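As given, the protein sequences belong to chains V and X, one line each in that order.
Numbering of the first sequence is given in the working numbering, commencing with residue 302 and proceeding in unit increments.
Numbering of the second sequence is given in the working numbering, commencing with residue 302 and proceeding in unit increments.
Protein chains: 2
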Amino acid sequence: MKITRIETIPYSIPFTKPLYFASGVVTSAEHVLVRVHTDEGLIGTADAPPRPYTYGETQASIAAAINDLFAPGLIGLSPLDRETAHAHMNRTVGNPVAKAAVDMALWDLVGLSLGVSVSQLLGGYTDRMRVAHMIGFSETDAMVADALRMRDQHGITSFKIKVGRHPIELDIQACLAVRDALGPQAELYIDGNRGWTAAESLRALHALDGVGLLFAEELCPADDVLGRRWLVQHSHLPIYADESVTTPAEVTREVLGGAATGISIKTARTGFTASQRVLNLCQGLGIEVVMGNQIDGQVGSLCTATFGAAFKATAGRPGELSNFLDMSNDLLAEPLAIEDGVLLLPQRPGIGIEIDEAKLDRYRQDR
Amino acid sequence: MKITRIETIPYSIPFTKPLYFASGVVTSAEHVLVRVHTDEGLIGTADAPPRPYTYGETQASIAAAINDLFAPGLIGLSPLDRETAHAHMNRTVGNPVAKAAVDMALWDLVGLSLGVSVSQLLGGYTDRMRVAHMIGFSETDAMVADALRMRDQHGITSFKIKVGRHPIELDIQACLAVRDALGPQAELYIDGNRGWTAAESLRALHALDGVGLLFAEELCPADDVLGRRWLVQHSHLPIYADESVTTPAEVTREVLGGAATGISIKTARTGFTASQRVLNLCQGLGIEVVMGNQIDGQVGSLCTATFGAAFKATAGRPGELSNFLDMSNDLLAEPLAIEDGVLLLPQRPGIGIEIDEAKLDRYRQDR
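Structural data, given as structure tokens:
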């Protein structure tokens, strides 16, 4: 089976509720659907969500990288030739989301052609993931209402609260209120999206002492080299790195530099192949991971769950899989469901992505 | 497809030429053939070579670990349930060769059942590996003759010379003679199997300066913590760790402890799953690897090549794949061949192991 062409389809789906966080706001999912076609008619599918404030990519840059730089070296390869495909793509620096989407579409083809689920191929640990929901900035009451709605409608009991606002008391108040509303059993952690200085971060962590957080993610700017080390040295909570660790080498630098005690893995930026490298690196270094969310739609969330469910180390704690619940629509023919706080993987070959062509026609921006 | 039972068959095949090295001698391959049976009739196969002087395992301990400790938790699983299988096996400490053989037999079943080669499943970089041959202790003339024979009969131009004898001049003389005989184009490196102190090692490396070695492997005892660091600090040559790095955590300790600058990966002790973890860890840490030989027969060498050919990082330099050339016979129905210094992978589903049952009957020790 040979790759014959790669389609990059820009599309836009509005959110019903915009997501506000320290490094930006997302009001609609303006992503690129990537489809890798083969001479046997099979099509591998994945999603590329541009995040300019994190990786510098746009819909246009993703389409150009795939069409102009990657495709000429990928056409003619077998989807199984992943090492060769990556060697070719890695001649281009950066563009992590574009590379990740191609990688996952190749894995999808491998699974489809062999008649096996990609999650099973990767490790096959389980067929489900517990879900953590991300609560964006809002008035405290609205944040509490969001958490309660997710708990009551979807059984979600793990929440990541966005922080990083000024004054920091805004966030402290919100975290205390969410804990009060959910009770002591709920799992809570926070994500600063680089919004605070190291000193603000530590002050906030002390003020949050009684909230019972599990860990805190990316509180300070990635380039605050010494500030981040100081924070890790002085924090009782594990400090997870996210935007600062987009490659295995960045993981090594942050962890060995003493600037992180845990790592967020996002298939949207490292696909399946490099996510496995990051996971194996973290396991070898002896640090924990969480499956993060790149404000994914259903296609991206399914990719995250596919990877997360495959390994014992990633299936062990809830993955961030619920952002799509705030989108007005999506592309899957059979929408994902979160019940009792759990997302079940579809029992189908490949990743299990089946695109509703009518929906794609409605939201695509290239016609 | 479910695992129904696991066979562990001890066998013994004499070497035509015993292999002498600093930590022992091998005069016959006394291994355990591992066969994982399924309810669909497919059989996954791998080889377990006990190395008591390295891992403490014996034929009896391997059979007992697999039959008594592992099998009860593996029977009923699908071969795709590798994370669950490992979670079960890892409740038992140590026994790396027993675990690795089970892991590879499961991968063999995955490939066989999906109709695809395991090397392609792992990464699919290439279908061949260049071969490095290991030259054991002997009179200098015999070591030179061994190298020339391998070059002339099999086109091998990369050699690992066993060192670690006393006085060190014995080894220096041998290395100089091999270089003289092979000329400047041949790739040479040395392996001390922990035979020297750090001071002896550095003295030897200085004396070998003109030989043009690529790297030196495991020159000092694994527990010479400070001596090994001192050697790495003072050596111009990269120092590879082998017996001291049988798990990802050991890799982290040796590399971050400054006691190693490269790592030998052996599928005989880390199978495919944990070998990928070690490889990804090394890539994330930014250090080089070599595919090593656990004095494997043809089954084991095929496993090494299956893994080594799958990834760009391992296919880039010759793997140690030729020890079976010194065995009087072997178990494969279609013997491996090394031509022009290259071992070609069989183009078959799974690992490509096909056992000659008559040969197995002849060499098995349990009847």
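From the three backbone atoms N, C-alpha and C, an ideal C-beta is built for every residue, glycine too.
A quick note: this is a predicted structure, and the numbers were derived from the prediction, not measured.
Within 10 angstroms of its Cβ, does X/D453 collect 16 or more other Cβ (buried), or is it exposed?
So X/D453 counts as exposed.
Assuming X/G496 and X/G528 are in contact, meaning their beta carbons sit under 8 angstroms apart, how far apart are those beta carbons, in whole angstroms?
Incorrect: roughly 13 angstroms between the Cβ atoms, too far for contact.
Using a Cβ-Cβ cut-off of 8 angstroms, state whether X/G572 counts as contacting chain V.
By this cut-off, X/G572 is not an interface position.
Using C-beta distances below 7 angstroms, list every residue in its chain close to X/L407, excluding the 5 sequence neighbours before and after it, in chain order.
Excluding residues within five positions, the ones whose Cβ falls inside 7 angstroms are V337, G345, P380, R383 and A386.
Rounded C-beta distance between V/F573 and V/G598? I'm assuming under 8 angstroms.
Not confirmed; about 18 angstroms, so no contact.
Ignoring anything shorter than 3 residues or poking outside the segment 328-368 of chain V, list the beta strand (DSSP E) runs there in chain order.
Complete beta strand (DSSP E) runs here, min 3: 344-349.
If you run the structure through DSSP and keep just helix, strand and coil, what is X/K318?
Of the three classes helix, strand and coil, the one that applies to X/K318 here is strand, per DSSP.
Among the candidates V/L506, V/R504, V/G456 and V/L471, whose CA atom is the shortest distance from the CA of V/A487?
V/A487 has its Cα closest to that of V/G456, out of V/L506, V/R504, V/G456 and V/L471.
Are the C-beta of V/V398 and some C-beta of chain X separated by less than 8 angstroms?
Chain X contact via Cβ: absent.
Of all Cβ atoms in chain V, is any one closer than 8 angstroms to the Cβ of X/K567?
X/K567 does not count as touching chain V.
Which residues mark the beginning and the end of the beta strand (DSSP E) in which X/V643 is found?
Segment V643 to L645, the beta strand (DSSP E) holding X/V643.
Can a CB atom of chain V be found closer than 8 angstroms to the CB of X/F612?
True, the Cβ-Cβ gap to chain V drops below 8 angstroms.
Please look up how many angstroms separate the CB atoms of X/N494 and X/E519, rounded, as I've assumed it's under 8 angstroms.
About 6 angstroms separates the two Cβ atoms, so the contact holds.
Tell me the DSSP secondary structure of V/H467 in three-state form.
The answer is coil: DSSP assigns V/H467 none of H, G, I, E or B.
Buried or exposed: where does V/D369 fall if 16 or more other Cβ atoms within 10 Å of its Cβ makes it buried?
Classification of V/D369: exposed, given that the 10 Å Cβ count is below 16.
Using a cut-off of 7 angstroms between C-beta atoms, extract the partners of X/Y426 located in chain V.
The answer, in chain order, is E384 and T385.
In chain order, what residues of the same chain lie with their CB nearer than 7 angstroms to the CB of V/G325, ignoring the 5 residues before and after it?
Closer than 7 angstroms at Cβ, skipping near neighbours: Y354.
What is the DSSP secondary structure of X/L449, counted as helix, strand or coil?
Helix.
Given that a residue counts as buried once 16 or more other Cβ atoms are within 10 Å of its Cβ, and exposed if not, what is X/D667?
Under this definition X/D667 is an exposed residue.
Counting pairs of Cβ atoms below 8 angstroms between the segment 358-376 of chain V and the segment 629-641 of chain V, do you hit three or more?
They do not touch, by the three-pair rule.
Is the segment 417-429 of chain X in contact with the segment 389-403 of chain X, if contact means three or more CB pairs nearer than 8 angstroms?
Taking 8 angstroms as the limit for Cβ pairs, the verdict is that the segment 389-403 of chain X does not touch the segment 417-429 of chain X.
Just how far apart, CA to CA, sit X/E589 and X/L483?
Computed Cα separation, rounded: 25 angstroms.
Looking at the C-beta of V/T309, does it have a partner C-beta in chain X at a distance below 8 angstroms?
No, V/T309 does not count as interfacial toward chain X.
For V/V552 versus X/G585, is the C-beta spacing smaller than 8 angstroms?
Cβ atoms of V/V552 and X/G585: closer than 8 angstroms.
By DSSP, does V/F612 sit in helix, in strand, or in coil?
Reduced to three states, the DSSP call for V/F612 is coil.
May I ask you to list, following chain order, the residues of the segment 575-598 of chain X that have a beta carbon less than 7 angstroms from some beta carbon of chain V?
Listed in sequence order: Q577, R578, N581, L582, Q584, G585, L586 and G587.
At the level of alpha carbons, what is the spacing between X/E555 and X/V546?
Cα to Cα, X/E555 sits roughly 7 angstroms from X/V546.
Under the criterion of a Cβ to heavy atom distance below 7 angstroms, does V/M444 qualify as lining the ligand ADP?
As for the ligand ADP, it is missing from this structure, which has no ligand bound.
Shortest alpha-carbon distance to V/I436 belongs to which of V/S565, V/Q577 and V/K318?
Measuring from the Cα of V/I436, the nearest candidate turns out to be V/K318.
Quick one: residues in its chain with C-beta nearer than 7 angstroms to the C-beta of V/A499, no 5 flanking neighbours on either side, listed in chain order?
Hits under 7 angstroms: C521, D525, G528, R529, W531 and L532.
Taking DSSP as the reference, what is the three-state secondary structure of X/R480?
Three-state DSSP puts X/R480 in a helix.
If you draw a straight line from the C-alpha of X/E308 to the C-alpha of X/D348, how long is it?
Distance between the alpha carbons of X/E308 and X/D348: 11 angstroms.
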